[in-house]
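There are 2 protein chains.
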Amino acid sequence: MLFRQLFDAESSTYTYLIADHTTKAAVLVDPVLEQVERDLKLLKELGLILHYCLETHVHADHVTGTDRLRQATSCSGIVPDRAHVACADRHIKDGETLHLGDITITAIATPGHTDSHMAYLVNDDRVLTGDALFIRGCGRTDFQSGDAGTLYDSVTKHLFTLPDETLVYPAHDYRGHTVSTIGEEKRWNSRFAERDGRGANRLRHRPSFIEFMNHLNLPDPKKIMEAVPANEMCGHLAATA
Amino acid sequence: MLFRQLFDAESSTYTYLIADHTTKAAVLVDPVLEQVERDLKLLKELGLILHYCLETHVHADHVTGTDRLRQATSCSGIVPDRAHVACADRHIKDGETLHLGDITITAIATPGHTDSHMAYLVNDDRVLTGDALFIRGCGRTDFQSGDAGTLYDSVTKHLFTLPDETLVYPAHDYRGHTVSTIGEEKRWNSRFAERDGRGANRLRHRPSFIEFMNHLNLPDPKKIMEAVPANEMCGHLAATA
């Protein structure tokens, strides 16, 4: 498997290029509009055929590169089940899989940051967690039908139940981390873990997480007014003008 | 092996944390002063014992975290042979190895960006190329006793002779790439590769590389006046004040 983590510094977004060496079939997960030329160049140099652009969710902090990549290649745009993206080629449901040669990508419904968010398990050894789970953090839950209790359930019941050694690849990082593991996040992600009276780490209680998330008082992402409508049109900017 | 790529956004520097799962022995390659707290926190969370801070070269664009990490842990600071760093605990020569449990790190002399630069081959499947080889680029050669012809020889004779599938992890990236391979760089790094008359990629000739590098006309790195003297003191800022 070819697995490449790519970074957009302006929005601190990670895009993932995953491809099968034998068939050259490739997917880009969470591509960023401003990085489309970089990504097309890389696909060409590696001799890959882009089959899919796959979104973890409708983003509020950057515009997806899907529309431009779909114009430049023969790829399909895939978004989570129930995402309001009428122009998508396919909506993917919880438990559904994509195959690229020997690679299997399985969608895991992980709503809470938005109401239609998917994580993607790749070959059972790594999970793209989108904005559900960051390295020592998680996505906010105060817009786009987000809900803190729903996010708590998604992370604790559907991500923290993966094997501890599963690699965690998030959609963003703001501190320079690139990868973690489920075991590490269960123990050290302070949004979900806390110290008990004897200094050991344990899962934070659900009401405590909700209380914390509901009082973050964050400003809106700079691009939200542009990004959400554009992403509901697969990243086609002109359609939203 | 635990292998973590860490990023400092201000200087676009990659630091690498490499550790042996069994013995918990760890090395940080090219740590950045401003990221020392992050790195110490990660070492603590992962239960690692920092044995070494290892430099690819005396940096001009950031101050090393070695001095502060050496104060906070029992680690040794290691720099390339002939680097002007009197306070280093050890100078490492071409071909010398470091061992962390089952992990072997081998120094490969790759001067040219500076006159005392090392790349580090990790377990024969990945190479930390420092500023000798970037993804589709290379470090400049116009200060710190840099020399374009020397860099050409280092890259073409000592890095491009590694197996094509060897993973390339550079000390910097400015376009959001995280990893490449030797085979990719031999073919697609336009500093070292060019198209022949039939559209195939071939190695650029040495005089053409030297001519290109000697006419980059880049401004000095913003931190050069602070970083070089500080790094010659292992990153001890007060000693240079």
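Chains as they are written, first to last, in numbering that gives the first Met the number 0: chain X, 0 to 240; chain Y, 0 to 240.
Where a beta carbon is used, it is the ideal one built from N, C-alpha and C, also for glycine.
All figures in this text were calculated on a predicted structure; none of them were measured in a lab.
query                                                                                                     : result
The alpha helix (DSSP H) enclosing E184/X, as first and last residue numbers                              : I181 to W187
Option in H61/X, D101/X and S11/X with minimal Cα separation from M0/X                                    : D101/X
Expected contact under 8 Å - CB spacing of I241/Y and L161/Y to nearest Å                                 : Nothing can be reported for residue 241/Y, as the shown portion of chain Y is limited to 0 through 240.
Q143/X beta carbon less than 8 Å from that of T177/Y                                                      : no
Buried versus exposed call for H171/Y [16 or more other C-beta atoms within 10 Å across all chains shown] : buried
Same chain, Cβ closer than 7 Å to D88/X, five either side skipped, listed in chain order                  : S75, G76 and I77
Cβ neighbour criterion (16 or more within 10 Å) applied to M224/X                                         : exposed
Strand pairing of E193/Y, partner residues [DSSP]                                                         : R201/Y
Proximity test, Cβ basis, 8 Å: F6/X and chain Y                                                           : yes
G136/Y versus S179/Y - alpha carbon distance                                                              : 11 Å
A8/Y - DSSP class collapsed to helix/strand/coil                                                          : coil
Where R37/Y meets chain C, residues with beta-carbon distance less than 9 Å                               : Protein chains in the displayed structure are X and Y, and chain C is not among them.
C-beta contact flag for V57/Y and T21/Y at 8 Å                                                            : no
Nearest candidate by alpha-carbon position, reference A59/Y, set G145/Y, A71/Y and N200/Y                 : G145/Y
CA-to-CA distance, K23/X to N200/Y, given in whole angstroms                                              : 20 Å
C-beta atoms of E147/Y and G196/Y nearer than 8 Å                                                         : The residue asked about is misnamed: residue 147/Y is Ala in this sequence, not Glu. No, they are not a contact pair.
Nearest-angstrom beta carbon gap, T55/X and D80/X [assumed within contact, 8 Å]                           : Contact flag wrong, Cβ pair sits at about 12 Å.
Which listed residue (L120/Y, I17/Y and Q70/Y) has its alpha carbon closest to that of D93/Y              : L120/Y
Nearest neighbour of L53/X, chosen from Y13/X, E9/X, K222/X and F159/X [CA to CA]                         : Y13/X
Strand pairing of R125/X, partner residues [DSSP]                                                         : V121/X and L166/X
Beta-carbon separation (whole angstroms), L236/Y vs V62/Y, contact threshold 8 Å                          : 7 Å
Under 8 Å by beta carbon: chain Y residues contacting R203/X                                              : Correct list: empty, because the minimum Cβ distance to chain Y is about 17 Å.
Straight-line gap, D38/Y to T65/Y (C-alpha atoms, nearest Å)                                              : 11 Å
CB contact check: E44/X to chain Y, cutoff 8 Å                                                            : yes
Collapsed DSSP secondary structure at H235/X in the structure displayed                                   : coil
CB contact below 8 Å: E164/Y versus chain X                                                               : no
Straight-line gap, H98/X to V227/X (C-alpha atoms, nearest Å)                                             : 29 Å
Rounded distance between the beta-carbons of L127/X and V154/X, thought under 8 Å                         : Incorrect: roughly 14 Å between the Cβ atoms, too far for contact.
For L99/Y, the residue or residues it bridges with in DSSP                                                : I102/Y
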